[in-house]
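S.K.: Residue numbers (my numbering), protein chains in the order written: chain X, 5 to 329; chain V, 3 to 505.
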């Protein structure tokens, strides 16, 4: 009887915990380490420092939240570090898609995002599909038709084959049967330079990186990788609206705790970052960087991550990448 | 006279007392950061960024840029004195700079480094002032085949770095090429040669490898050679602490070479500043009347690479300020700093924010003078470090090296790697293998491989793409010529000998 009741009780407790996060018992008494997988100045470092600055300025936590850089091997060094802090309520990290992707293709990357304690997803990053302003391609459909007529001749610049740029390309190629090349460049500057110099025909880029080039008359946006149109680009269709019904690939950022973090600590951090997401400073940062701020709580984050990992695994298999997990 | 008006406006901004103050702060911090190995300008700027949120954008960018180019000035100090490259751009300076120090010319070497940095740094800014827009469009013509050719040209310099045996030099180079391929491959996202070590997935840091095979190996070799516990000669008297007139005269061509080479390569977003110093050194040696003296402490061997890496700073700001394209880690952070201050970096920056653009350019002229004034008086002070007896000096070198390696990523694993590379370097020195080609391969190999694979993806496997453009074809031809020259020379010598014997 007791055995049969316990799942229901556990569910009840879970509901109670998420309904009253203010009653969390954990209260930090020493500095919190906020682990970042990029080096100083990388996108994810800037993002985390913005969060920690807001926590500091708005006095949302009684202690300092110190950003700690653990760069190397995609997110592997950072994930290993988190695993070494098992159960520690003072270590949290800022994750992105790479935390999910790396263990899927790398045997040596043994610490998976699922092993961490999910706290919250903070943003989803949209992207723009851009061409040179004087490019003959006015729409995505024109580009795809040209690619069909000249298989393998047209080129996109982007990051590694695990990047979202390549994922979207793979999905579009599977959908349409067209074929074009993907040229990997390690830094955003080189990707932009390749398009500006006319060495590739198109690229997928963060809105914040492209917006000045568009304003300066160098680039033209022909589609956006997003569920809905961004406020800054009301005239640019989403890929779906452009006539290509492929799944949207979210590029996410969020917070996880060290593996095995106590539910009280998880609840504390969930509440802390929820407060951050409500501040005007954070909302301004989101608008300035063209980010979608949809706060997803711990309870929903876990099933989302498991689901999303499955989607990514299928996409990767489709791209011909070697999937090891 | 748009440029003149702009520059006058810029000086009006840069000469405001607060901006002058920030310029000085940036240059000072940059010098310190440059001297400390392991702590780079990129990390420093990122750490200081939150402090600048409230600053005026012109003052902020003036300070951050000061850290950026100031670090290049400081980087030569430990290279020359202790054979520890402080930054990747100052690794070439170790070769002749440290040799000069061992000959008792540490002061002059430091002085020449400072003067070359000043001359070439100023040239770089002058070129940035006058030529920015046309030079930026030239840089955009560089596609992957051109980068591949540039890297090949750099690697061909192995001929000039290898000493008596070209075979040993090539083997050292190939070892460097292999070491740089360790880690995650960008194209396939697969790990290469990591042997199950997740710490190796990100590859090895340049600082760890270079400090290992240069500084640690040198200490080990000196101890082993029974360095007779003697001090390095540091002559007394101010005259011996500053470069002599003859030494400066010998550097005439090196100043020009470093300035021009550094700027041209600095402008290219995918090149990086290490290659500019390698190529400037190569040109210097190739055109020298006494190439055999290179590596034994010639002042040109310090002036050319030090000039190049400072002129490179001016060049690297061209794509950043005119196009909004960052060429490397440090300029990428400067770009995000501009965004945080509400400035919009991109093609419109020059016209929309003249205060920032011209203020920065003008402040760099001032900053170079500040750096010269900061650095020259420090030369005698730094030169005294070598007065320490070796039983004090060697532990100091080892200590700085270990801290530098740990500072790269805060991992003990890197310290272990450092020790490993120290032993490797020591073995190479004992077996008379040159270590500089290894570093050359390590620095350029990654970029070369990438450019080759990008080119072949673009052309769907057609090798012809590598020689179709005139820029890449010319550079590849030069590379082949440099590689073949010693063979021709040997052939010629043999022929002359044969004729002599026959006659």
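Note that the Cβ used here is the ideal one computed from N, Cα and C, for glycine as well.
Is the stretch 246-261 of chain X touching the stretch 165-183 of chain X, taking contact as three or more C-beta pairs under 8 angstroms?
M.R.: Yes, they touch.
S.K.: What is the C-beta distance between residue 93 of chain V and residue 407 of chain V, in whole angstroms, given that I count them as a contact (C-beta under 8 angstroms)?
M.R.: Here residue 93 of chain V refers to the residue found at position 91 when the second chain is read from its first residue. Here residue 407 of chain V refers to the residue found at position 405 when the second chain is read from its first residue. In fact, because the Cβ distance is near 15 angstroms, the residues do not count as touching under 8 angstroms.
S.K.: What residues in the stretch 188-216 of chain X have a beta carbon less than 9 angstroms from any beta carbon of chain V?
M.R.: So the close ones are 188, 189, 190, 191, 192, 193, 194, 196, 197, 198, 200, 201, 202, 203, 204, 212, 213, 215, 216.
S.K.: Give a yes or no on contact between the stretch 185-192 of chain V and the stretch 307-321 of chain V, applying the rule of three or more CB pairs nearer than 8 angstroms.
M.R.: No: the two stretches stay apart, fewer than three of their Cβ pairs being nearer than 8 angstroms.
S.K.: Could you say if the stretch 295-309 of chain V and the stretch 221-228 of chain X meet the contact criterion of at least three C-beta pairs nearer than 8 angstroms?
M.R.: They do not touch, by the three-pair rule.
S.K.: Between residue 442 of chain V and residue 265 of chain X, what straight-line distance do the alpha-carbon atoms span, to the nearest angstrom?
M.R.: In the second chain, counting from the first residue as 1, residue 442 of chain V sits at position 440. In the first chain, counting from the first residue as 1, residue 265 of chain X sits at position 261. Approximately 46 angstroms, taken between the alpha carbons.
S.K.: So which residues of chain V does residue 84 of chain X contact, with C-beta pairs closer than 7 angstroms?
M.R.: Along the first chain, one-based indexing puts residue 84 of chain X at 80. Ordered by position in chain V, the residues that pass the 7 angstroms Cβ test against residue 84 of chain X are 200.
S.K.: Could you check how far apart the C-beta atoms of residue 81 of chain X and residue 201 of chain V are, in whole angstroms? I think they sit under 8 angstroms.
M.R.: Start at 1 with the first residue of the first chain, and residue 81 of chain X comes out as number 77. Start at 1 with the first residue of the second chain, and residue 201 of chain V comes out as number 199. With a Cβ gap of about 7 angstroms, residue 81 of chain X and residue 201 of chain V count as contacting.
S.K.: How far does the alpha helix (DSSP H) with residue 87 of chain X in it extend, from its first residue to its last?
M.R.: Against the first chain, residue 87 of chain X aligns to sequence position 83. Where residue 87 of chain X is concerned, the enclosing alpha helix (DSSP H) stretches over 80-88.
S.K.: Which of helix, strand or coil does DSSP assign to residue 96 of chain X?
M.R.: Residue mapping note: residue 96 of chain X aligns to position 92 of the first chain, counting from 1. Of the three classes helix, strand and coil, the one that applies to residue 96 of chain X here is strand, per DSSP.
S.K.: CA-CA distance, residue 278 of chain V and residue 181 of chain X?
M.R.: Within the second chain, the letter at position 276 stands for residue 278 of chain V. Within the first chain, the letter at position 177 stands for residue 181 of chain X. Whole-angstrom Cα-Cα distance: 44 angstroms.
S.K.: Check each candidate in V/13, V/48, V/86, V/133 and name the one with the smallest Cα separation from residue 262 of chain V.
M.R.: For the purposes of this step, residue 262 of chain V is taken as residue 260 along the second chain, with counting starting at 1. Of the candidates V/13, V/48, V/86, V/133, the one whose C-alpha sits nearest the C-alpha of residue 262 of chain V is V/133.
S.K.: Can you tell me the Cβ-Cβ gap for residue 73 of chain V and residue 260 of chain V, rounded? I've got them flagged as a contact below 8 angstroms.
M.R.: The residue labelled residue 73 of chain V in the question sits at position 71 within the second chain. The residue labelled residue 260 of chain V in the question sits at position 258 within the second chain. In fact, because the Cβ distance is near 17 angstroms, the residues do not count as touching under 8 angstroms.
S.K.: Can you pull out the residues from the stretch 307-329 of chain V whose beta carbon lies closer than 9 angstroms to at least one beta carbon of chain X?
M.R.: Against chain X - using a Cβ distance shorter than 9 angstroms - the residues of the stretch 307-329 of chain V are 321, 322, 325, 326, 327, 328, 329.
S.K.: According to a CB-to-CB cut-off of less than 7 angstroms, which residues of the stretch 134-165 of chain X neighbour chain V?
M.R.: The stretch 134-165 of chain X vs chain V, Cβ under 7 angstroms: 156, 159, 164, 165.
S.K.: Quick one: is residue 59 of chain V near chain X, going by C-beta distance under 8 angstroms?
M.R.: Residue 59 of chain V sits at position 57 when you count from the first residue of the second chain. No - not a single Cβ of chain X is within 8 angstroms of the one on residue 59 of chain V.
S.K.: If you check the beta carbons only, do residue 126 of chain V and residue 77 of chain V fall under 8 angstroms apart?
M.R.: The count along the second chain starts at 1 and reaches residue 126 of chain V at position 124. The count along the second chain starts at 1 and reaches residue 77 of chain V at position 75. Not closer than 8 angstroms, so no.
S.K.: Where residue 201 of chain X and residue 145 of chain V are concerned, what is the direct C-alpha to C-alpha distance, given to the nearest angstrom?
M.R.: Walking along the first chain from the start, residue 201 of chain X turns up at place 197. Walking along the second chain from the start, residue 145 of chain V turns up at place 143. Cα-Cα distance, rounded: 8 angstroms.
S.K.: Just tell me which of V/16, V/10, V/26, V/15 has its CA closest to the CA of residue 375 of chain V.
M.R.: As a first step, residue 375 of chain V is located in the second chain; it is residue number 373 there, counting from the start. The shortest C-alpha separation from residue 375 of chain V is found at V/26.
S.K.: Which class does residue 345 of chain V belong to by DSSP, given the choice of helix, strand or coil?
M.R.: For the purposes of this step, residue 345 of chain V is taken as residue 343 along the second chain, with counting starting at 1. Coil, per DSSP.
S.K.: Hey, residue 471 of chain V and residue 166 of chain V are a contact pair by Cβ (cut 8 angstroms); roughly how many whole angstroms apart?
M.R.: One-based indexing of the second chain puts residue 471 of chain V at position 469. One-based indexing of the second chain puts residue 166 of chain V at position 164. Residue 471 of chain V to residue 166 of chain V, Cβ: 37 angstroms. No contact.
S.K.: Just the Cα atoms here: how many angstroms apart are residue 293 of chain X and residue 169 of chain V?
M.R.: Along the first chain, read from residue 1 onward, the residue named residue 293 of chain X stands at position 289. Along the second chain, read from residue 1 onward, the residue named residue 169 of chain V stands at position 167. Each residue's Cα considered, the two are about 53 angstroms apart.
S.K.: Against residue 45 of chain V, what residues of chain X qualify as contacts under a CB-to-CB distance less than 7 angstroms, listed in chain order?
M.R.: Position 43 of the second chain, counted from the first residue, corresponds to residue 45 of chain V. Those are 44, listed as they occur along chain X.
S.K.: Is the beta carbon of residue 438 of chain V less than 8 angstroms from the beta carbon of residue 97 of chain V?
M.R.: As a working mapping, residue 438 of chain V is identified with position 436 in the second chain. As a working mapping, residue 97 of chain V is identified with position 95 in the second chain. Yes, the Cβ-Cβ distance between residue 438 of chain V and residue 97 of chain V is below 8 angstroms.
S.K.: Using a beta-carbon distance below 8 angstroms, is residue 29 of chain X in contact with chain V?
M.R.: Locating residue 29 of chain X in the first chain gives position 25, counting from the first residue. For residue 29 of chain X, the answer is no, since every Cβ of chain V falls outside 8 angstroms of its Cβ.
S.K.: Who are the near neighbours of residue 229 of chain X in its chain, counting only those whose CB is closer than 8 angstroms to its CB and skipping five residues on each side?
M.R.: Taking the first chain and counting its residues from 1, the one referred to as residue 229 of chain X is at position 225. If we look at residue 229 of chain X and ignore the five residues flanking it on each side, its Cβ neighbours are 130, 131, 132, 133, 168, 172, 208, 242, 243, 252, 253.
S.K.: So who's on the other strand from residue 73 of chain X, going by DSSP bridges?
M.R.: In the first chain, counting from the first residue as 1, residue 73 of chain X sits at position 69. Paired residues: X/40.
S.K.: Show which residues of chain B have a CB atom less than 7 angstroms away from the CB atom of residue 271 of chain V.
M.R.: Here chain B cannot be found, since the structure's protein chains are X and V.
S.K.: Give the secondary structure of residue 187 of chain V by DSSP, where H, G and I count as helix, E and B as strand, and everything else as coil.
M.R.: Taking the first residue of the second chain as position 1, residue 187 of chain V is located at position 185. Residue state, collapsed to three classes: coil.
S.K.: Note down, in chain order, every chain X residue with its Cβ under 7 angstroms from the Cβ of residue 182 of chain V.
M.R.: Reading the second chain from its first residue, position 180 is the one you call residue 182 of chain V. Residues of chain X passing the Cβ test: none, with the nearest at roughly 13 angstroms.
S.K.: On a CA-only basis, which of X/205, X/325, X/210, X/58 is nearest residue 191 of chain X? Give me that one, please.
M.R.: In the first chain, counting from the first residue as 1, residue 191 of chain X sits at position 187. Ranking the options by Cα distance to residue 191 of chain X, first place goes to X/210.
S.K.: Alpha carbon to alpha carbon, how far is residue 207 of chain V from residue 410 of chain V?
M.R.: As a first step, residue 207 of chain V is located in the second chain; it is residue number 205 there, counting from the start. As a first step, residue 410 of chain V is located in the second chain; it is residue number 408 there, counting from the start. Distance between the alpha carbons of residue 207 of chain V and residue 410 of chain V: 8 angstroms.
S.K.: The alpha helix (DSSP H) that contains residue 449 of chain V, what's its start and end?
M.R.: Taking the first residue of the second chain as position 1, residue 449 of chain V is located at position 447. Its alpha helix (DSSP H) spans residues 438-460.
S.K.: For chain V, find out if any of its Cβ atoms is closer than 8 angstroms to the Cβ of residue 113 of chain X; answer yes or no.
M.R.: Here residue 113 of chain X corresponds to residue number 109 of the first chain, with the count starting at 1. It does; some Cβ of chain V falls within 8 angstroms.
S.K.: With respect to the alpha helix (DSSP H) encompassing residue 119 of chain V, which residues constitute its N-terminal and C-terminal limits?
M.R.: Position 117 of the second chain, counted from the start, is the residue given in the question as residue 119 of chain V. Its alpha helix (DSSP H) spans residues 108-142.
S.K.: Here's a check: name, in chain order, each residue in its chain whose Cβ is nearer than 6 angstroms to the Cβ of residue 26 of chain X, leaving out the five neighbours to either side.
M.R.: Here the question's residue 26 of chain X lines up with position 22 in the first chain. Legend: pLDDT at residue 26 of chain X = 48, less than 50; position of this residue unreliable, no value from coordinates given.
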